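Residues 91 to 313 in this note's numbering are what the sequence shown lists, from first letter to last.
Ideal Cβ placement from N, Cα and C applies to all residues, glycine included.
As the structure is a computational prediction, the values presented were derived from the model and not from experiment.
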Amino acid sequence: MAEFYTVRHGQASYGAADYDKLSELGMRQARWLGEHWQAAGMQFDRILCGSLLRHRETAQGICTGMALDAGQVQICPQLNEFDFHSLLQRYGEHDPQSVPKAGAGKPEYYRFLKKAMLAWAAGEINGSESWQEFEQRIEDALGLIGDSPRGSRTLVVSSGGAIAMMVRQVLGAQAETVIKLNMQIKNTAVSRFFVGADSFSLHSFNHVPHLEHEQRHEFITYS
Numbered sequence: 091m092a093e094f095y096t097v098r099h100g101q102a103s104y105g106a107a108d109y110d111k112l113s114e115l116g117m118r119q120a121r122w123l124g125e126h127w128q129a130a131g132m133q134f135d136r137i138l139c140g141s142l143l144r145h146r147e148t149a150q151g152i153c154t155g156m157a158l159d160a161g162q163v164q165i166c167p168q169l170n171e172f173d174f175h176s177l178l179q180r181y182g183e184h185d186p187q188s189v190p191k192a193g194a195g196k197p198e199y200y201r202f203l204k205k206a207m208l209a210w211a212a213g214e215i216n217g218s219e220s221w222q223e224f225e226q227r228i229e230d231a232l233g234l235i236g237d238s239p240r241g242s243r244t245l246v247v248s249s250g251g252a253i254a255m256m257v258r259q260v261l262g263a264q265a266e267t268v269i270k271l272n273m274q275i276k277n278t279a280v281s282r283f284f285v286g287a288d289s290f291s292l293h294s295f296n297h298v299p300h301l302e303h304e305q306r307h308e309f310i311t312y313s
């Protein structure tokens with residue numbers, strides 16, 4: 091049986107002009123995870139990551155921590171996050187009263203994102219892709235991940251929404267599951283899956299072993 095580990099990207103630059111770049115902490119989170127795995131003797135036969143900058147920087151940080159050549163990382167655009175910028179814009183046009191006021195904090199932003207995702211899943215709005223297109227893209231990504239030799243181990247670096255969609259598809263859960271899980275996945279959190287002959291199974295979800303000791307609890311983030 092093969093297995094794969096998903097990792098959400100490190101902390102991105104929330105509130106900055108370019109969200110799609112890891113913060114200094116995000117780079118450390120990725121490196122710490124790599125160092126944790128190196129100390130545990132973890133090895134991967136294949137490393138896949140989305141094409142977004144935050145994915146590539148996270149994969150680079152993990153490779154640095156594991157003393158690996160980042161040149162072995164394979165770029166897989168199917169692993170990219172949905173375009174939440176266009177989705178929020180469309181939902182703001184759909185329901186202007188729900189748009190957070192300037193200077194609103196993260197809680198207001200996440201409530202707005204949740205409403206937008208619910209409307210997206212219900213077919214009320216579309217971003218740069220429909221909900222069905224997003225589902226198909228992640229199904230295609232799972233097909234690529236699952237095409238691996240028996241006994242192999244694959245690392246997959248992606249984003250919260252894409253990972254949440256993988257979990258939904260593996261578990262056969264409702265669309266609302268994606269929305270709930272997307273809000274819970276920590277930066278550089280690890281989830282583990284097994285690849286069977288004709289199906290996937292979820293073994294563990296949303297772990298941050300590299301951040302779970304006293305000196306690093308404050309570095310657990312969600313953006």
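Taking residue i as part of the beta strand (DSSP E), name the residues at either end of that continuous run.
i, result
"H184", "Premise fails: H184 lies in the alpha helix (DSSP H), F174 to H184, not in any beta strand (DSSP E)."
"C139", "R136 to C139"
"H293", "F290 to H297"
Could you give the C-beta distance for residue i and residue j, rounded to a whole number, given that I count them as a contact under 8 Å?
i, j, result
"N272", "G251", "5 Å"
"I275", "I253", "6 Å"
"S248", "T96", "6 Å"
With respect to the alpha helix (DSSP H) encompassing residue i, which residues constitute its N-terminal and C-terminal limits?
i, result
"L261", "G250 to L261"
"A206", "K196 to A211"
"Q226", "W221 to G236"
"Q315", "No answer is possible for residue 315: it lies beyond the span of the chain, which begins at 91 and ends at 313."
"I165", "Run containing I165: none in the alpha helix (DSSP H); it sits in the beta strand (DSSP E), V163 to I165."
"L271", "A265 to N272"
Could you give the distance in angstroms between the alpha-carbon of residue i and the alpha-carbon of residue j?
i, j, result
"H184", "K205", "11 Å"
"L209", "P190", "According to the sequence shown, residue 209 is Ala rather than Leu. Whole-angstrom Cα-Cα distance: 17 Å."
"T148", "F284", "23 Å"
"H175", "S218", "9 Å"
"E308", "R227", "34 Å"
"Q187", "F224", "27 Å"
"Q101", "G286", "32 Å"
"H297", "G140", "20 Å"
"M207", "I165", "26 Å"
"L245", "M255", "17 Å"
"A279", "S220", "27 Å"
"W127", "D110", "25 Å"
"Y199", "V268", "17 Å"
"L143", "L301", "23 Å"
"R243", "E304", "30 Å"
"A92", "Q168", "20 Å"
"V257", "A194", "31 Å"
"Y181", "K270", "18 Å"
"P197", "G241", "42 Å"
"A129", "D173", "36 Å"
"L203", "G236", "31 Å"
"G124", "A160", "12 Å"
"P299", "G131", "14 Å"
"S313", "H99", "9 Å"
"V163", "Q259", "25 Å"
"A157", "N170", "25 Å"
Name the DSSP bridge partner or partners of residue i?
i, result
"E93", "R243 and F284"
"L112", "A102"
Stretch-stretch touch, CB-based, cutoff 8 Å, three pairs: the segment 225–232 with the segment 208–217: no
Contact between the segment 131–141 and the segment 287–304 (3+ Cβ pairs under 8 Å): no
The segment 253–265 / the segment 109–125 touching (three or more Cβ pairs under 8 Å): no
Sufficient close CB pairs (3 or more, under 8 Å) joining the segment 150–167 to the segment 116–125: yes
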